[in-house]
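Taking it in order: structure first as structure tokens, then the write-up.
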Amino acid sequence: MPGHRPSRISRRRLLQATGGGVLAATACVGGWTWRSPEEPATRTEEPARPARPAADARNQTFLHVVAHADDALYFMNPALEQGIRSGARSVTVCLTGGESDGHNAGKETPGADRLPYNRADFARARTNGLRAAHALMATGDAGSPWDLEAVSLLPGFEAELHTLREAPQNQLIFLELVEARSVAAPRATSLRGLWLGAAGTLPTLRPTGTPVPAAYRYTRDQVIGTLAAVLGRVRPTVVRTLDPNPVHRLAPPQSAPDPRLAGLRYFDHQDHIASAYFAQAALARHWGQEHGRPAIVEHYLGYELGELPHSLDTGAARRKARVLAVYGWSDGRRCGDPAGCGDRKVGDTAYRGASRDWTRSTRLRAPGSNAWIRPLRDGRLAAFAVLGGRAYCWTESRPGSGRFTGPAPVGGELLQGQIHAVRHPGGTLQLFAARTLLPGPHTAHRRELLTARQTGTARTGAPVFGRWEPLGSPDPDPLRSLETGFPAAAVAPDGTVHVFVRTWDGGVAHRSGPDGRRWTPWRRLEGPVTALKTSPHIVDGIDACVDSDGRVHVVAPSGRTVHHWVSKEPGKPPRPAAATGLPEAAGPVSLVPVADGAVRAVFRRAGSAQVLIAERQRRLGGWRVSGRCAPVGGYGRVAAAPAGPGDRMVIAARDDAGDVRVAFAQDAPERWHAGRVPHSAAPGVAEDAAGRAVVVALGNDGRLYTARQRAAGRHAPFGAWTQAGSRGRGGGA
Numbered sequence: 001m002p003g004h005r006p007s008r009i010s011r012r013r014l015l016q017a018t019g020g021g022v023l024a025a026t027a028c029v030g031g032w033t034w035r036s037p038e039e040p041a042t043r044t045e046e047p048a049r050p051a052r053p054a055a056d057a058r059n060q061t062f063l064h065v066v067a068h069a070d071d072a073l074y075f076m077n078p079a080l081e082q083g084i085r086s087g088a089r090s091v092t093v094c095l096t097g098g099e100s101d102g103h104n105a106g107k108e109t110p111g112a113d114r115l116p117y118n119r120a121d122f123a124r125a126r127t128n129g130l131r132a133a134h135a136l137m138a139t140g141d142a143g144s145p146w147d148l149e150a151v152s153l154l155p156g157f158e159a160e161l162h163t164l165r166e167a168p169q170n171q172l173i174f175l176e177l178v179e180a181r182s183v184a185a186p187r188a189t190s191l192r193g194l195w196l197g198a199a200g201t202l203p204t205l206r207p208t209g210t211p212v213p214a215a216y217r218y219t220r221d222q223v224i225g226t227l228a229a230v231l232g233r234v235r236p237t238v239v240r241t242l243d244p245n246p247v248h249r250l251a252p253p254q255s256a257p258d259p260r261l262a263g264l265r266y267f268d269h270q271d272h273i274a275s276a277y278f279a280q281a282a283l284a285r286h287w288g289q290e291h292g293r294p295a296i297v298e299h300y301l302g303y304e305l306g307e308l309p310h311s312l313d314t315g316a317a318r319r320k321a322r323v324l325a326v327y328g329w330s331d332g333r334r335c336g337d338p339a340g341c342g343d344r345k346v347g348d349t350a351y352r353g354a355s356r357d358w359t360r361s362t363r364l365r366a367p368g369s370n371a372w373i374r375p376l377r378d379g380r381l382a383a384f385a386v387l388g389g390r391a392y393c394w395t396e397s398r399p400g401s402g403r404f405t406g407p408a409p410v411g412g413e414l415l416q417g418q419i420h421a422v423r424h425p426g427g428t429l430q431l432f433a434a435r436t437l438l439p440g441p442h443t444a445h446r447r448e449l450l451t452a453r454q455t456g457t458a459r460t461g462a463p464v465f466g467r468w469e470p471l472g473s474p475d476p477d478p479l480r481s482l483e484t485g486f487p488a489a490a491v492a493p494d495g496t497v498h499v500f501v502r503t504w505d506g507g508v509a510h511r512s513g514p515d516g517r518r519w520t521p522w523r524r525l526e527g528p529v530t531a532l533k534t535s536p537h538i539v540d541g542i543d544a545c546v547d548s549d550g551r552v553h554v555v556a557p558s559g560r561t562v563h564h565w566v567s568k569e570p571g572k573p574p575r576p577a578a579a580t581g582l583p584e585a586a587g588p589v590s591l592v593p594v595a596d597g598a599v600r601a602v603f604r605r606a607g608s609a610q611v612l613i614a615e616r617q618r619r620l621g622g623w624r625v626s627g628r629c630a631p632v633g634g635y636g637r638v639a640a641a642p643a644g645p646g647d648r649m650v651i652a653a654r655d656d657a658g659d660v661r662v663a664f665a666q667d668a669p670e671r672w673h674a675g676r677v678p679h680s681a682a683p684g685v686a687e688d689a690a691g692r693a694v695v696v697a698l699g700n701d702g703r704l705y706t707a708r709q710r711a712a713g714r715h716a717p718f719g720a721w722t723q724a725g726s727r728g729r730g731g732g733a
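Residue numbers (the UniProt record's numbering): 1 to 733.
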């Protein structure tokens with residue numbers, strides 16, 4: 001196999017941060033945007049971007065934990081490539097060899113029936129394909145060489161470590177565990193079997209030409225320990241995994257000789273799900289041992305993408321397919337390895353073949369929050385985020401200053417996604433979040449919502465919160481609770497807090513409590529009036545608000561349209577409204593109350609990622625698309641909030657480069673303002689005490705970045721992006 005000579009990186013530096021010289025040599029790639037394979041590589045010219053990003057790539061480190069070699073290419077791009085191209089450090093851990101049946105051939109492979117079945121060769125070919133794809137993303141040359149060696153991450157075990165020679169901050173680790181060899185069929189010898197205890201150990205399968213000297217058998221705890229060791233060495237700022245909360249299929253449960261392997265059928269691959277469980281367990285162990293900076297955690301949907309509307313625009317999907325075609329060895333390139341140079345089962349089919357729906361979408365399990373920045377009682381803004389499974393808060397130094405201090409810890413444990421914050425009539429805040437509890441001797445593997453109420457203000461000016469209190473799940477069964485969504489909440493004029501969440505069966509459940517206390521039991525909202533069955537089978541990504549008349553609104557996307565509920569009387573629980581007639585959404589929907597009882601919904605259109613603005617006037621009662629923003633690509637939630645008098649609002653979204661775009665909208669959306677802030681999850685927007693729009697984003701370095709208008713008014717420009725706690729350092733806006 002080529003490139004097997006010993007690495008030039010010493011063992012003491014294995015999995016350690018690389019020097020600034022290497023970073024400087026590759027960071028220039030970060031200014032390139034995603035493009036289709038037919039387009040030349042050009043820098044973004046319209047609209048102009050600031051000369052440099054606000055967040056320094058040297059302060060960012062990405063760790064990806066996947067089950068198979070192609071998982072990150074299908075499910076984590078474009079974010080994967082954007083991080084690599086920025087020059088930041090990127091490490092991918094692949095748990096299995098992905099050996100499948102050992103037949104390196106697809107339906108369109110010439111002479112497929114004559115190709116041998118060899119699992120060790122196929123595992124190596126998939127590794128070679130992944131190396132080529134990463135080399136292309138990092139250097140522009142799929143043939144850029146790699147160095148390969150065996151490395152010990154856990155005493156008594158060795159794994160493959162691949163380092164890209166021309167950009168050694170890019171590394172791949174393969175544990176070489178055997179895969180399930182089936183999407184769903186119960187099999188004890190699998191990651192799932194190991195996680196559930198149906199297998200005491202899981203063997204490795206040594207790929208052809210591996211420097212790893214022996215085959216091993218890992219226990220459940222040893223897999224967790226190995227991943228925890230990687231976390232300790234890499235010390236990532238962003239951890240990306242596959243989906244630990246997959247959605248079940250509407251099919252009879254599986255039976256199996258071992259009852260631990262029986263149960264629900266899911267859209268996703270069993271290896272994907274189990275790999276995410278192992279990653280979560282390793283993170284919990286790592287956070288319990290480490291005292292360094294906490295990481296952002298992102299979970300990406302897998303095969304479920306095939307059931308959902310496409311979320312990427314054509315350019316991003318084609319670029320994703322181009323990288324997959326390199327992985328799939330579609331060009332027939334020679335790499336010097338007789339085992340094979342890529343995965344012919346993928347080949348050049350990613351854009352138009354059976355896997356096209358995965359290629360044309362990217363979605364996070366946590367849909368993001370449209371309410372993670374809120375004004376405190378004195379008018380200062382407070383922003384909240386989850387780092388290392390705990391909540392943190394940044395606060396303005398004084399009302400309207402635009403300068404944030406922090407982060408101050410707010411507590412919580414194993415929290416996921418983004419915080420949803422609401423403001424009580426008296427000015428205090430209440431936070432909502434979700435978490436997954438891992439299985440233990442006295443704990444079931446389950447999911448629950450939590451809330452924390454503000455109890456005061458510290459001498460530093462940061463809000464102080466009481467303990468996080470569990471709100472449970474609308475589905476008390478532990479297994480079903482794992483599909484509970486992320487919360488959205490709203491406060492009625494009388495102080496009653498309403499919280500909403502997606503349920504196991506695809507509906508919406510609701511709890512309420514006066515002043516955010518003494519909660520009612522969970523109750524299902526009625527299905528839409530046009531639904532043929534009670535549940536509309538919504539997709540997670542709901543939002544809630546209270547209009548100027550005091551009525552509570554909830555919106556939720558499904559695979560076909562956007563659903564709407566509204567209370568008939570101020571402050572009462574919402575009921576199904578008439579069909580919206582809105583097009584299918586490519587992701588979450590954000591709600592904004594404007595003047596005269598009207599509300600607006602902001603979301604991306606499926607298949608194009610174009611941001612749409614829909615409006616419902618109180619006097620008319622029906623929805624209409626009132627604005628279409630200039631296409632900028634991207635995916636995920638669009639943040640939206642009122643900004644100024646009347647019906648003016650500000651919106652912010654991720655674009656095709658992974659940066660933040662900001663625009664105003666009144667009668668129609670205005671031009672986008674570009675800000676180079678590579679970030680996690682959804683940006684946030686708000687209006688400060690001086691009437692200026694403020695946009696915030698959690699950078700991939702785990703720091704808060706903010707930009708605000710230089711003056712109030714729709715035509716006032718935004719100032720430079722600054723890092724919270726810094727003195728004006730940052731990129732332009």
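Glycine residues also receive a C-beta, built at the ideal position from the N, C-alpha and C atoms.
Rounded separation between residue i and residue j - CA only
i: Ala295; j: Ala586; result: 27 Å
i: Pro487; j: Ala434; result: 7 Å
i: Gln723; j: His286; result: 27 Å
i: Pro186; j: Gln270; result: 9 Å
i: Ala105; j: Gly129; result: 14 Å
i: Gly427; j: Ala382; result: 12 Å
i: Asn170; j: Arg240; result: 15 Å
i: Ala54; j: Ser86; result: 12 Å
i: Leu471; j: Leu450; result: 5 Å
i: Gly728; j: Gly702; result: Caution applies to Gly728, whose pLDDT of 47 falls short of 50 and renders its modelled position unreliable; the value that the coordinates give is listed next. The alpha-carbon atoms of Gly728 and Gly702 are separated by roughly 18 Å.
i: Ala640; j: Arg344; result: 44 Å
Reference residue i; option with closest CA among the options
i: Ala697; options: Arg708, Ala690, Pro683 and Ala689; result: Pro683
i: Pro168; options: Ile613, Thr92 and Ser152; result: Thr92
i: Thr503; options: Ala711, Arg616, Arg524 and Ala57; result: Arg524
i: Ala150; options: Lys345, His162 and His64; result: His162
i: Phe157; options: Ser86, Ile651, Leu612 and Leu175; result: Leu175
i: Arg220; options: Pro439, Pro78 and Ala385; result: Pro439
i: Ala57; options: His68, His64, Gln82 and Asp71; result: Gln82
i: Ala595; options: Pro588, Pro576, Pro642 and His537; result: Pro642
i: Leu283; options: Val238, Pro246 and Leu194; result: Val238
i: His420; options: Trp519, Leu364 and Ile542; result: Ile542
i: Trp146; options: Pro407, Arg131 and Tyr327; result: Arg131
i: Gly636; options: Ala462, Arg365 and Gly516; result: Arg365
i: Val660; options: Thr395, Val632, Val234 and Gln418; result: Val632
i: Arg708; options: Ser567, Arg192, Pro399 and Leu115; result: Pro399
Check whether residue i and residue j have beta carbons under 8 Å apart
i: Met137; j: Ile84; result: yes
i: Thr201; j: Glu160; result: no
i: Tyr222; j: Leu154; result: Inspection of the sequence shows that residue 222 is occupied by Gln rather than by Tyr. Yes.
i: Ala135; j: Ser144; result: yes
i: Leu431; j: Phe404; result: no
i: Val422; j: Leu429; result: yes
i: Thr127; j: Ala69; result: yes
i: Ala120; j: Pro207; result: yes
i: Asn77; j: Thr349; result: no
i: Ala544; j: Phe500; result: yes
Continuous beta strand (DSSP E) stretch holding residue i: start and end
i: Gly472; result: Glu469 to Gly472
i: Ser512; result: Val508 to Pro514
i: Pro478; result: No beta strand (DSSP E) holds Pro478; the alpha helix (DSSP H) holding it covers Pro478 to Ser481.
i: Tyr392; result: Arg390 to Glu396
Unbroken alpha helix (DSSP H) run spanning residue i, endpoints
i: Pro574; result: Premise fails: Pro574 is in no alpha helix (DSSP H) and is neither H nor E.
i: Gly193; result: Leu191 to Leu196
i: Arg661; result: That residue, Arg661, is in no alpha helix (DSSP H); its beta strand (DSSP E) goes Val660 to Ala665.
Beta-carbon proximity list for residue i, same chain, < 7 Å, skipping 5 on both sides
i: Thr189; result: Val178, Ala199 and Leu202
Beta-carbon proximity list for residue i, same chain, < 8 Å, skipping 5 on both sides
i: Pro493; result: Pro425, Val546, Gly550, Pro570 and Gly571
Cβ-based neighbour list, residue i, same chain, cut-off 6 Å, excluding 5 preceding and 5 following
i: Arg360; result: His310, Leu312 and Ala317
i: Glu469; result: Thr451
i: Ile273; result: Pro246
Heavy atom of the ligand PLP within 7 Å of residue i beta-carbon
i: Leu177; result: As presented, the structure is devoid of all ligands, the ligand PLP included, so that no description of it is given.
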